[in-house]
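Have a look at this one:
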């Protein structure tokens with residue numbers, strides 16, 4: 668069971684979010700970045716397109732209707748993996764609260780003032 672589900676179950680059971688943060692299984696990182704870069708997603712889709720071109724040529728040669736199966740499955744499998752991160756359920760809960768705007772505004776301010784060191 669992943670850490671997200673563990674925290675979600677504890678929240679559902681009524682555990683105080685502050686207690687969960689104090690024993691954070693996420694190693695104090697409230698957000699996990701996307702699993703893949705845009706380049707990795709594009710690479711997988713490019714490879715799928717190459718496979719499909721070969722397969723579709725074979726299907727046409729047999730008189731079958733060609734279907735870009737690898738490309739379709741690739742799109743379904745990799746769509747959004749370059750932009751979707753995973754967020755701690757406690758942070759999600761807090762963002763949805765009435766004070767959630769304060770959290771978002773704080774993150775926005777930090778991003779606007781960001782400088783690489």
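Numbering (the working numbering), first residue to last: 668 to 784. Built from N, CA and C at the ideal position, the CB exists for glycine as well. If you're wondering where the values come from, they're calculated on a predicted model, not measured in any experiment.
query                                                                                                                                         : result
Taking all protein chains shown into account, decide if residue 715 is buried (16 or more other Cβ within 10 angstroms of its Cβ) or exposed. : buried
Just checking, does the stretch 675-694 make contact with the stretch 762-779 on the three C-beta pairs under 8 Å criterion?                  : no
Can you give the Cα-Cα distance for residue 698 and residue 747, rounded to whole angstroms?                                                  : 16 Å
With DSSP collapsed to three states, give me the class of residue 698.                                                                        : strand
Is it right to say residue 741 is buried, meaning 16 or more other beta carbons lie within 10 angstroms of its own, or is it exposed?         : buried
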